[in-house]
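Numbering (our numbering), first residue to last: 284 to 437.
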């Protein structure tokens with residue numbers, strides 16, 4: 284196991300004993316969390332800023348853009364910028380009207396598989412996201428997050 288540590292102070296460097304690296308990336312103190320966790324052997328690439336682990340270095344590189352706000356992928360048609368190349372690929376389909384993901388129940392088509400998956404729940408009734416407080420179930424994680432705000436007033 285590998286141990287990664289980070290200071291909660293914004294000005295301090297973040298150090299990874301496994302990679303023998305330090306980072307002086309400036310971020311909001313509210314984003315930086317103190318980290319002292321073990322890294323699973325199957326996910327040796329850990330974000331020094333938030334502690335999230337990845338199995339591949341490329342996934343960590345892409346994840347770091349969450350913290351930096353970098354959007355290196357740009358649409359040649361409308362100049363919209365994206366942090367992930369896959370998001371740009373999906374976006375391009377809005378310009379070409381390409382919808383390669385088709386519902387087997389009603390023949391609706393979608394630009395990406397995740398939207399199709401959400402749509403399929405309208406047919407299956409599957410509600411994979413549940414509230415731990417009142418046990419209500421939801422088809423999408425965003426609906427659960429919105430619902431959780433109702434419990435904050437209790």
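Using N, Cα and C, we set each Cβ at its ideal position, and we do this for glycine too. Here the structure is a predicted model, which means the values were calculated and not measured.
With a cut-off of 8 Å on the beta carbons, I'd call residue i and residue j a contact; round off their distance for me.
| i | j | result |
| --- | --- | --- |
| residue 427 | residue 417 | Actually they are not in contact, since the Cβ atoms of residue 427 and residue 417 sit about 11 Å apart, beyond 8 Å. |
| residue 376 | residue 366 | Not confirmed; about 18 Å, so no contact. |
Can you find a C-beta in chain B that's less than 7 Å from the C-beta of residue i?
| i | result |
| --- | --- |
| residue 374 | Chain labels in this structure do not include chain B; a single protein chain is all it has. |
For residue i, which three-state DSSP category applies?
| i | result |
| --- | --- |
| residue 432 | helix |
| residue 329 | strand |
Check for me: the alpha helix (DSSP H) holding residue i runs from which residue to which?
| i | result |
| --- | --- |
| residue 342 | 340 to 351 |
| residue 399 | 396 to 407 |
| residue 422 | First-last for residue 422: undefined, no H or E at that position. |
| residue 359 | Unbroken run through residue 359: none, as it is neither H nor E. |
| residue 374 | 368 to 379 |
Do you know offhand how far residue i's Cα is from residue j's?
| i | j | result |
| --- | --- | --- |
| residue 349 | residue 389 | 36 Å |
| residue 402 | residue 383 | 14 Å |
| residue 385 | residue 422 | 19 Å |
So, are the CB atoms of residue i and residue j less than 7 Å apart?
| i | j | result |
| --- | --- | --- |
| residue 424 | residue 412 | yes |
| residue 373 | residue 407 | no |
| residue 328 | residue 340 | yes |
| residue 420 | residue 410 | yes |
| residue 347 | residue 338 | no |
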